[in-house]
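Peer 1: Numbering (this note's numbering), first residue to last: 14 to 452.
Below is the structure I would like to discuss, written out as structure tokens.
Written out as structure tokens, the structure reads:
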């Protein structure tokens, strides 16, 4: 983050409604591609229930909350209500989806939305005939939460107008805080020790603490400075399970914090190692091209064996190859062991993410590498390297111009990425390589 650069936070738009009103169809229509989001329980696979969308040059996350089930003979299950409330309170804006005729459950949901204090857009779905919409809309005014918008999610009628209203009513993905500093998303599973880590860090005599405004439902933000460097810690709360599933709302909160961060500090319980949930978190951070530092907490509970650290780190990086470049810090939030060392690693990764390599240095290095180890070809066509340049700093992005560029295999591409990272010090930072054809 540069000195006066704002800190972004992508808004969340949640689609809420009872079952079978067309939420999945609207979700797919907005995203622009078919994504399976049908599920029987809350908390199923993350990439089935959210996606990043863009309309009128505004980015936002769109979320299908799953259908709210109502049976007059049985109250709505407590867990479903809690999940629905979590989705509503985490959202910047709600699309309340109903269909042609007002249902008793629509009134129940409307009451819940009114109490939330969130902005609500009512969309009346399955109105395929634009000439007969007015009579269908009249009864929905009685919900008392705004003017209903007629749409057909299946055929696209009215969806563009609905999205115009969405971008008019969501906050811009601009300043969440004008405070400069290294923004760090502290992520990990529940009970991994994130709060203890932050408390221990802030309890140091060398740390000056100043709180930033936030809400109980949003990730907690704390501003502090250490050794002349300013930080903004974002405690995302734990990634939790509901029964046998990961709570997708807690993941969404972590995802939102990751996308607005400079560096992700991913905490892992030493006694449990990298779990499926941890792999999911690291995959999100990698796809977001954020800097990554891995913190292995509760190391005070492990056997006193220095060789164990090397074995542990090797096991992690063997199971998650995409994190080979990430620094690992072994710590104890309870005793304070290596807690301040995490800040050293975070700052180092942040600075690497901002690094720019001169074109002359880059080309001299790549010519030496390609001269020593020529890239293998798929169909016998020789690959000739011309030149390369860094086109972006955050994340570090490079374009390489070659003859027969399509012949370059993924293994050699990974080899070049590894060499560039090692030579120019891109520790803990995902980098992007673009291979372009030049004749």
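Ideal Cβ positions, reconstructed from N, Cα and C, are used throughout, including at glycine.
Model, not experiment: these values are computed from the prediction.
Hey, how far is the Cα of residue 242 from the Cα of residue 181?
Peer 2: Taking the chain shown and counting its residues from 1, the one referred to as residue 242 is at position 229. Taking the chain shown and counting its residues from 1, the one referred to as residue 181 is at position 168. Taking the straight line from one Cα to the other gives about 37 Å.
Peer 1: Locate the alpha helix (DSSP H) running through residue 326, then write down its first and last residues.
Peer 2: Taking the chain shown and counting its residues from 1, one reaches residue 326 at position 313. Looking at the DSSP string, the run of the alpha helix (DSSP H) that includes residue 326 is 319-332.
Peer 1: From the beta carbon of residue 432, is the nearest beta carbon of chain D less than 8 Å away?
Peer 2: Protein chains in the displayed structure number just one, and chain D is not present.
Peer 1: Using DSSP with H/G/I as helix, E/B as strand and the rest coil, what is residue 410?
Peer 2: Start at 1 with the first residue of the chain shown, and residue 410 comes out as number 397. Reduced to three states, the DSSP call for residue 410 is strand.
Peer 1: So, are the CB atoms of residue 451 and residue 416 less than 8 Å apart?
Peer 2: The residue labelled residue 451 in the question sits at position 438 within the chain shown. The residue labelled residue 416 in the question sits at position 403 within the chain shown. In this structure, residue 416 lies closer than 8 Å to residue 451 by Cβ.
Peer 1: Which same chain residues, not among the five before or five after residue 12, have their C-beta less than 6 Å away from its C-beta?
Peer 2: Here the chain comprises residues numbered 14 to 452, so residue 12 is not present and cannot be evaluated.
Peer 1: Might you give, ordered along the chain, the residues of its own chain that have their beta carbon closer than 8 Å to the beta carbon of residue 397, omitting 5 neighbours on each side?
Peer 2: Residue numbering aside, residue 397 sits at position 384 when the chain shown is read from its first letter. Only 415, 416 and 417 meet the Cβ criterion.
Peer 1: By alpha-carbon positions, which one of 441, 407 and 38 ends up nearest to residue 169?
Peer 2: What you label residue 169 is simply residue 156 of the chain shown in a count that begins at 1. Ranking 441, 407 and 38 by Cα distance to residue 169 puts 38 first.
Peer 1: DSSP puts residue 405 in a beta bridge; with which residues?
Peer 2: Locating residue 405 in the chain shown gives position 392, counting from the first residue. Paired residues: 410.
Peer 1: Within 10 angstroms of the Cβ of residue 278, are there 16 or more other Cβ atoms? Answer buried if so, exposed if not.
Peer 2: Translated into positions along the chain shown, residue 278 becomes position 265. Burial call: buried.
Peer 1: Which partner residues of residue 310 appear in the DSSP bridge assignment?
Peer 2: Position 297 of the chain shown, counted from the start, is the residue given in the question as residue 310. 282, per the DSSP bridge assignment.
Peer 1: Let me know if residue 316 comes out buried or exposed under the rule of 16 or more other beta-carbons within 10 Å of its beta-carbon.
Peer 2: Start at 1 with the first residue of the chain shown, and residue 316 comes out as number 303. By the 10 Å Cβ count, residue 316 comes out exposed.
Peer 1: Which residue's Cα is closest to the Cα of residue 370: 104, 421, 426 and 408?
Peer 2: Translated into positions along the chain shown, residue 370 becomes position 357. It is 408.
Peer 1: Measuring straight from C-alpha to C-alpha, what distance separates residue 184 and residue 310?
Peer 2: Residue mapping note: residue 184 aligns to position 171 of the chain shown, counting from 1. Residue mapping note: residue 310 aligns to position 297 of the chain shown, counting from 1. C-alpha separation (whole angstroms): 36 Å.
Peer 1: Just the Cα atoms here: how many angstroms apart are residue 281 and residue 202?
Peer 2: Position 268 of the chain shown holds residue 281. Position 189 of the chain shown holds residue 202. Their Cα atoms are separated by approximately 7 Å.
Peer 1: Tell me the rounded alpha-carbon separation between residue 249 and residue 391.
Peer 2: As a first step, residue 249 is located in the chain shown; it is residue number 236 there, counting from the start. As a first step, residue 391 is located in the chain shown; it is residue number 378 there, counting from the start. Using only the alpha carbons, I get a separation of about 46 Å.
Peer 1: Under a Cβ-count criterion, where at least 16 other Cβ atoms within 10 Å of its own Cβ denotes burial, should residue 51 be classed as buried or exposed?
Peer 2: The residue given as residue 51 occupies position 38 in the chain shown. Any answer about residue 51 is weak, because its pLDDT of 39 lies below 50 and its placement is not dependable; what the coordinates show is given next. Around the Cβ of residue 51, a 10 Å sphere holds fewer than 16 other Cβ atoms; the residue is exposed.
Peer 1: With distances taken Cα to Cα, identify the nearest neighbour of residue 336 among 204, 442 and 379.
Peer 2: The residue you call residue 336 lines up with position 323 of the chain shown. The shortest C-alpha separation from residue 336 is found at 442.
Peer 1: Give the straight-line distance between the Cα atoms of residue 331 and residue 286, rounded to the nearest whole angstrom.
Peer 2: Residue 331 sits at position 318 when you count from the first residue of the chain shown. Residue 286 sits at position 273 when you count from the first residue of the chain shown. Their Cα atoms are separated by approximately 13 Å.
Peer 1: Can you tell me whether DSSP reads residue 113 as helix, strand or coil?
Peer 2: By one-based count along the chain shown, residue 113 stands at place 100. Looking at residue 113 - three-state DSSP - the assignment turns out to be coil, as it is neither helix nor strand.
Peer 1: Hey, could you find the ends of the beta strand (DSSP E) residue 242 is sitting in?
Peer 2: Residue mapping note: residue 242 aligns to position 229 of the chain shown, counting from 1. Its beta strand (DSSP E) spans residues 242-248.
Peer 1: Can we say the segment 121-137 touches the segment 161-168, given the rule of at least three CB pairs closer than 8 Å?
Peer 2: yes
Peer 1: I'd like the list of long-range same chain contacts for residue 23, defined as Cβ closer than 8 Å, with 5 residues on each side in sequence excluded.
Peer 2: The residue you call residue 23 lines up with position 10 of the chain shown. Cβ within range, chain order: 65, 72, 73, 74, 186, 269, 272 and 273.
Peer 1: Buried or exposed: residue 394, going by 16 or more other Cβ atoms within 10 Å of its Cβ?
Peer 2: Sequence index remark: in the chain shown, residue 394 carries index 381 (1-based). Classification for residue 394: exposed.
Peer 1: In whole angstroms, give me the CA-to-CA distance for residue 368 and residue 406.
Peer 2: By 1-based counting over the chain shown, the position of residue 368 is 355. By 1-based counting over the chain shown, the position of residue 406 is 393. Going from the Cα of residue 368 to the Cα of residue 406 covers about 6 Å.
Peer 1: Can you tell me whether residue 421 is helix, strand or coil according to DSSP?
Peer 2: Residue numbering aside, residue 421 sits at position 408 when the chain shown is read from its first letter. Correct three-state label for residue 421: coil.
Peer 1: So does the segment 372-380 actually touch the segment 341-357, counting three or more Cβ pairs closer than 8 Å?
Peer 2: When Cβ pairs closer than 8 Å are counted between the two stretches, the segment 372-380 is seen not to touch the segment 341-357, the count staying below three.
Peer 1: Between the C-alpha atoms of residue 230 and residue 436, what's the straight-line distance to the nearest angstrom?
Peer 2: As a working note, residue 230 is residue 217 in the chain shown. As a working note, residue 436 is residue 423 in the chain shown. Because the pLDDT of residue 230 is 39, which lies under 50, any placement of that residue in the model is unreliable, and the number read from its coordinates should be weighed accordingly. So the two alpha carbons sit approximately 43 Å from each other.
Peer 1: For residue 428, write down the residues that DSSP places opposite it in a beta bridge.
Peer 2: As a first step, residue 428 is located in the chain shown; it is residue number 415 there, counting from the start. None, per the DSSP bridge assignment.
Peer 1: Please list the terminal residues of the continuous beta strand (DSSP E) segment that includes residue 25.
Peer 2: Here the question's residue 25 lines up with position 12 in the chain shown. Residue 25 -> beta strand (DSSP E) spans 25-29.
Peer 1: Could you give the DSSP three-state label for residue 397: helix, strand or coil?
Peer 2: Along the chain shown, one-based indexing puts residue 397 at 384. DSSP places residue 397 in strand when its eight states are reduced to three.
Peer 1: Could you tell me the distance, in whole angstroms, from the CA atom of residue 107 to the CA atom of residue 194?
Peer 2: For the purposes of this step, residue 107 is taken as the residue at position 94 of the chain shown. For the purposes of this step, residue 194 is taken as the residue at position 181 of the chain shown. So the two alpha carbons sit approximately 32 Å from each other.
Peer 1: Run the CB neighbour count on residue 440, radius 10 Å, all protein chains shown included, and call it buried at 16 or more, exposed below.
Peer 2: Numbered from its first residue, the chain shown carries residue 440 at position 427. Buried, by the Cβ-count rule.
Peer 1: Among 342, 328, 35 and 288, whose alpha-carbon lies nearest the alpha-carbon of residue 305?
Peer 2: Taking the chain shown and counting its residues from 1, the one referred to as residue 305 is at position 292. Ranking the options by Cα distance to residue 305, first place goes to 342.
Peer 1: Using CA coordinates, which residue listed in 25, 352 and 101 is at the minimum distance from residue 67?
Peer 2: Against the chain shown, residue 67 aligns to sequence position 54. Minimum Cα distance to residue 67 is reached at 25.
Peer 1: Just to confirm, are residue 308 and residue 213 a CB contact at a threshold of 8 Å?
Peer 2: As a working mapping, residue 308 is identified with position 295 in the chain shown. As a working mapping, residue 213 is identified with position 200 in the chain shown. No.
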